[in-house]
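J.: Could you have a look at this structure, given as structure tokens, before my questions?
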Amino acid sequence: VGSEMCIRDRVQAMLDAGSDINERNNYGWTALMHAARNGDPEIVKLLISKGAQVNLQDDAGWTALMRAARKGHVAIVEILIQQGADLEKQDAQGWTALLWAVNQDHIEMITSLVNHGANVNVQASDGRTPLTVALSEGNNEVLDLLKKAGAKFLRGYNEARGGNNNSSTDVRIYASVLM
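Note that the working numbering has the sequence shown beginning at 131, numbered continuously upward.
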């Protein structure tokens, strides 16, 4: 708690000194992205109240929402969505907050994003979808959640990697999803 208060005090001092709320570091990160990744709802609320833009992307295309979703910070994601965070923004690889949450097996996060309308059939640049990511992670609970939310097996992952879509791997993936 002591270090959190120190961070809040430093953020408030920087804001009081007139710092640009959306200033970026060498990687394009903003203070909001850091706060979202670190999971501090009070700092997130403070930064947004002072004008932090929730949909800015860093040099890799990540948003504050993606950073919070990957870390499993549901409270932060809820705040960001309430403030207009774009659920469908994609990073440089075409990944959304939902794909990152699925990649990390964050059930509560996935549920929150789906309940807020995240596209369960979004495709990344390589053709991966939340369902194929969940399959690769081997988490049946995530698979069931996505299937109940309407996720479908989409062709395209092998094509994006330069292969065909008739491989035995595709057939096994498809069969496992239908069960």
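Note that CB positions come from ideal geometry on N, CA and C, so glycine has one too. All values reported here derive from a predicted model rather than from experimental measurement.
Report all residues from its chain with a CB closer than 7 angstroms to the CB of residue 157; omit the five preceding and five following residues, and keep chain order.
T.: 188, 189
J.: In three-state DSSP terms, what is residue 164?
T.: helix
J.: Starting from the Cα of residue 248, find the closest Cα among 141, 207, 144, 136 and give me that residue.
T.: 207
J.: Reducing DSSP to helix, strand and coil, say where residue 184 ends up.
T.: In the structure shown, residue 184 falls within a coil segment according to DSSP collapsed to helix, strand and coil.
J.: So is residue 212 buried or exposed if we call it buried at 16+ other beta carbons inside 10 Å?
T.: exposed
J.: Could you say which of 242, 214, 169, 266 lies nearest to residue 279 if we only look at CA atoms?
T.: 242
J.: Could you check what DSSP says for residue 282 in three-state terms: helix, strand or coil?
T.: coil
J.: So residue 200 packs on residue 230, CB below 8 angstroms; how close in whole Å?
T.: Separation of the CB atoms of residue 200 and residue 230 is rounded to 4 angstroms, and the pair is thereby assigned contact status at 8 angstroms.
J.: If you draw a straight line from the C-alpha of residue 215 to the C-alpha of residue 251, how long is it?
T.: Spanning the two alpha carbons is a distance of roughly 19 angstroms.
J.: How about residue 145 and residue 163: do their beta carbons lie closer than 9 angstroms?
T.: With respect to residue 163, residue 145 sits apart: the two C-beta atoms are not nearer than 9 angstroms.
J.: Please say whether residue 204 and residue 177 have beta carbons closer to each other than 9 angstroms?
T.: no
J.: Using the Cβ count rule (16 or more neighbours within 10 Å means buried), how would you classify residue 227?
T.: buried
J.: Should residue 171 be listed as close to the ligand SAM, given that the test is whether its C-beta is under 8 angstroms from any heavy atom?
T.: Ligands in the displayed structure: none, and consequently the ligand SAM is not present.
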